[in-house]
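Report on the following structure.
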Amino acid sequence: MLRAENITVHFGRRTVLHDVSFDAKPGALTAIVGPNGSGKTTLLKAITGEASHDGQVMLNDRDITSAKPWELAAIRGVLPQATPLAFPFTVSEVVRLGLISGVTADQAAIIPAALSRVGLTDYGARFYQELSGGEQQRVQLARVLAQVWEPISEAGPHWLFLDEPVSALDIAHQLQVMKIARDFANAGGGVVAVMHDLNLTAMFADQIALISDGRIVAQSTPDEILTNDLLSRAYNCAVQVNTPPPSGTYILPQMATMGAH
Amino acid sequence: MAMATEVPRGVYLAGDRSHQANRLTGALLVVLVAAVLASLAIGASGTSLWSTLWAFLRGEDLSLRDRVVLWDIRLPRTLMGALVGAALAVSGAIMQGLFRNPLADPGLIGVSAGAGFGAIVAIVLGGLLPLALQDVLGYYLVPFAAFLGSWASTIILYRVSTRKGHTSVATMLLAGIALGALTGAISGLLVYIADDAQLRTLTFWGMGSIAGATWSKLLTAAPLMIVAFIAAPFIAKGLNGLALGETAASHMGIAVQRTKNTAILAVAAAVGSAVAVSGGIGFVGIVVPHLLRLAVGPDHRYLLRNSALLGAALLLVADIISRVVIAPAELPIGIIMAVIGGPFFLWILLRRRGILDM
Ligand SMILES: Nc1ncnc2c1ncn2[C@@H]1O[C@H](COP(=O)(O)OP(=O)(O)OP(=O)(O)O)[C@@H](O)[C@H]1O
Ligand SMILES: [Mg+2]
């Protein structure tokens with residue numbers, strides 16, 4: 000269980016999150032959606048202990064501010080919106096950085112397994128800096144997966160915190176990565192993902208927190224959040240759910256099947 | 000998630016260079032032993048000492064002259080060269096990991112200047128300390144002051160150039176220049192007020208050489224360097240994590256602040272004591288880790304120990320060259336390293352331009 004209560008975050012004089020409460024269950028994929036600058040990344044940073052905040056965050060019944068970094072690393076992996084990398088590491092070596100931080104550090108076989116999960120089977124020997132943006136993002140996901148490879152252990156459920164895991168990816172890899180997150184949740188782990196693509200969110204999320212201007216507008220199931228009224232207000236843009244355009248082309252991830260053509 | 004299948008023994012993962020790094024450690028050990036023996040055997044004393052060395056290693060009695068040359072001159076000098084080389088290379092590798100940049104070299108960004116400043120202050124103003132304190136510190140005063148100087152300059156540099164876990168190399172280099180200018184100015188002032196005896200010490204010290212190595216010098220500098228060598232393996236994993244930035248490192252379970260503090264103290268100890276006894280030999284800290292990263296990758300668990308071995312061997316070889324190239328006179332080793340290191344550094348800049356965010 001992840002429970003964040005009364006989270007307030009200030010950057011200088013600006014208050015970016017106002018008394019936000021948020022929770023996520025293991026076994027579920029919880030999406031955080033909202034417009035640019037609404038505070039999604041900040042909320043994720045608060046619940047991973049990265050941004051200093053008022054309020055309390057409990058992960059698996061532990062207050063994260065009192066937990067040691069390595070205790071947290073054993074039960075949760077964090078994929079940031081962007082990750083810089085100094086020095087010419089190979090793809091395998093980047094994934095190994097994740098592996099050796101987790102509880103399955105001695106299982107080297109996880110490295111190729113994680114790479115194959117994100118569709119980078121033959122990339123192990125390539126240099127990270129020489130990959131495309133989307134490939135780099137998937138290597139980072141493989142690194143995080145290698146850190147918390149098992150979705151659940153005696154220590155309780157494990158967690159993935161993903162900030163826009165699919166924003167740099169093509170449609171096939173978007174589906175692949177969302178399926179990884181889905182499988183992790185189905186196997187008993189918890190997933191919290193910041194999302195921009197509302198279609199993918201509708202397809203894969205069990206719970207959605209809609210955030211706007213540093214406040215949670217609502218947190219509930221996709222059916223209840225993805226409504227004309229709530230979305231139009233939050234995004235300040237009139238949207239129409241489940242309404243095909245009268246003409247023109249549209250492509251929905253809902254109708255796509257990976258690896259088939 | 001499906002259990003990963005076992006990787007069979009002896010089969011290596013594509014892109015995993017750890018076994019090459021381990022093999023390189025073995026090779027470097029052999030090279031270092033060879034360099035130590037060569038450094039003991041080759042010198043300006045006219046006769047080659049290979050046969051003497053061989054006799055010494057077999058425990059035979061030596062002539063007095065041979066014993067003095069071998070035991071009182073070459074052995075401390077060799078050990079000092081190996082220690083200083085290892086210290087400079089390891090601190091280069093640690094600094095580069097800490098600053099997340101392959102150009103962070105103690106000599107380049109003012110850490111050696113800070114250490115030198117500490118040493119000069121100790122030499123000139125040490126006499127002003129209460130006698131009791133002078134007694135306690137004794138021979139250790141200069142290395143200790145150099146340690147404080149390099150520690151302070153590392154901290155200042157890190158604070159100035161690192162914002163929110165991102166180090167700006169431009170700021171780092173410029174701050175290094177500013178710091179170097181400032182310490183240089185104050186050092187100049189101190190030289191101006193120094194008396195004759197102090198001036199003599201300063202001149203000897205400033206020549207940047209390990210030619211004056213004695214057992215007592217070695218014993219004053221070795222402890223701090225050894226402390227740094229002992230600390231290094233404990234921060235290797237942390238430095239690996241830092242390559243992904245401070246936040247990612249902390250999410251991977253690394254105690255970031257502790258890693259940074261240990262790294263800064265280890266660098267200060269190693270550079271401080273190396274500068275205190277050798278006057279600051281440039282480029283070792285940048286050439287050695289860079290070559291090793293090219294050869295077997297940036298993983299600090301192997302990089303640090305391989306840097307120590309290669310740094311030691313490189314400095315010994317440079318020292319041997321300095322002894323024979325214009326024998327019977329000696330070239331300062333700083334010149335040899337600059338001749339090797341200067342072009343190498345330019346080459347890094349040319350190669351790296353555009354790939355790394357500088
Ligand atoms: N380090 C910072 N200092 C000052 N203000 C910040 C900082 N980080 C974020 N902000 C501000 O806080 C607000 C929320 O930022 P946040 O990154 O959480 O947005 P977001 O919802 O993740 O947006 P996006 O969809 O663009 O990723 C923004 O107005 C932003 O300008
Ligand atoms: Mg964001």
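Those protein sequence lines, which keep their order, are chains A and B. For what it's worth, numbering that gives the first Met the number 0 labels the leading residue of the first sequence as 0, then goes sequentially. For what it's worth, numbering that gives the first Met the number 0 labels the leading residue of the second sequence as 0, then goes sequentially. Beta carbons: idealized from backbone N, C-alpha and C, even for Gly.
Item                                                                                                                         : Value
Same chain, Cβ closer than 6 Å to Thr256(A), five either side skipped, listed in chain order                                 : none
Among Thr220(A), Ile215(A), Gly187(A), the one whose alpha carbon lies nearest that of Gly26(A)                              : Gly187(A)
Exposed unless 16 or more other CB atoms sit within 10 angstroms - verdict on Ala81(A)                                       : exposed
Rounded C-alpha distance that separates Met357(B) from Ser167(B)                                                             : Residue confidence is low: Met357(B) scores 37 on pLDDT, short of 50, so the model does not pin down where it sits. Its coordinate-derived value is still stated next. Met357(B) and Ser167(B): Cα-Cα distance of roughly 7 Å.
Nearest candidate by alpha-carbon position, reference Gly252(B), set Arg137(A), Gly36(A), Gln253(A), Gly48(A)                : Gly48(A)
Chain B within 9 Å of Ser219(A), Cβ atoms only                                                                               : no
Cβ separation of Val266(B) and Ser90(B), assumed to be a contact under 8 Å, to the nearest whole Å                           : 4 Å
Three CB pairs or more closer than 8 Å across the stretch 188 to 197 of chain B and the stretch 256 to 265 of chain B        : no
Within-9 Å CB hit, Asn100(B) to chain A                                                                                      : yes
Cutoff 7 Å; reference Leu74(B); Cβ partners in own chain excluding five residues on either side                              : Leu39
Interface flag, Thr82(A) vs chain B, CB-CB below 9 Å                                                                         : yes
Near ligand 2: Gln136(A) beta-carbon under 8 Å from a heavy atom                                                             : no
Entirely enclosed alpha helix (DSSP H) segments - the stretch 23 to 100 of chain A, minimum 4 residues                       : 39 to 46, 68 to 74, 90 to 98
The stretch 232 to 263 of chain B: positions lying closer than 9 Å to chain A by Cβ                                          : Lys236, Asn239, Gly240, Leu241, Ala242, Leu243, Gly244, Thr246, Ala247, Ala248, Ser249, His250, Met251, Gly252, Ile253, Ala254, Val255
Whole-angstrom distance between Gln173(A) and Met0(B), CA atom to CA atom                                                    : Confidence at Met0(B) is low in this model, with a pLDDT of 48, below 50, so its placement is unreliable and no value can be given for it.
Cβ shell of His9(A) (< 8 Å), same chain only, five flanking positions each side left out                                     : Val15
Spatial neighbours of Ala221(B) in its chain, beta-carbon cut-off 7 Å, leaving aside the 5 residues before and after         : Leu82
Option nearest Pro150(A) by Cα separation, candidates Gly101(A), Leu197(A), Val138(A), Gln139(A)                             : Gly101(A)
3-residue-minimum beta strand (DSSP E) runs that sit fully inside the stretch 229 to 278 of chain B, ordered along the chain : none
First and last residue of the uninterrupted beta strand (DSSP E) at Ile207(A)                                                : 206 to 211
Cβ-heavy atom distance, Asn35(A) to ligand 1, below 8 Å                                                                      : yes
Residue environment, Thr248(A), which counts as buried when at least 16 other CB atoms sit within 10 Å                       : exposed
Collapsed DSSP secondary structure at Ala193(B) in the structure displayed                                                   : coil
Residue(s) in a DSSP beta bridge with Thr14(A)                                                                               : His9(A)
beta-carbon Glu245(B) near ligand 1 non-hydrogen atom, thresh 8 Å                                                            : no
Outcome for Asn235(A) when other beta-carbon atoms lying within 10 angstroms are tallied against a minimum of 16             : exposed
Classification of Lys67(A) by the beta-carbon crowding that lies within 10 angstroms, buried from 16 upward                  : exposed
Selection from Gly213(A), Pro87(A), Val193(A), Leu225(A) that minimises the alpha carbon distance to Arg13(A)                : Gly213(A)
Cβ-heavy atom distance, Thr47(A) to ligand 2, below 8 Å                                                                      : no
Pro245(A) versus Val190(A): straight-line alpha-carbon distance, rounded                                                     : 36 Å
Any non-hydrogen atom of ligand 2 within 8 Å of Thr261(B) CB                                                                 : no
Distance, Tyr139(B) Cα to Phe88(A) Cα                                                                                        : 41 Å
Min CB distance Ser20(A) to chain B below 9 Å                                                                                : no
Within chain A, partners of Pro297(B) - CB distance below 7 Å                                                                : Phe86, Pro87, Phe88
Cβ of Gly284(B) within 9 Å of any chain A Cβ                                                                                 : no
Contacting residues, own chain, Cβ-Cβ under 7 Å from Ile320(B) (five flanking each side not counted)                         : Ile335
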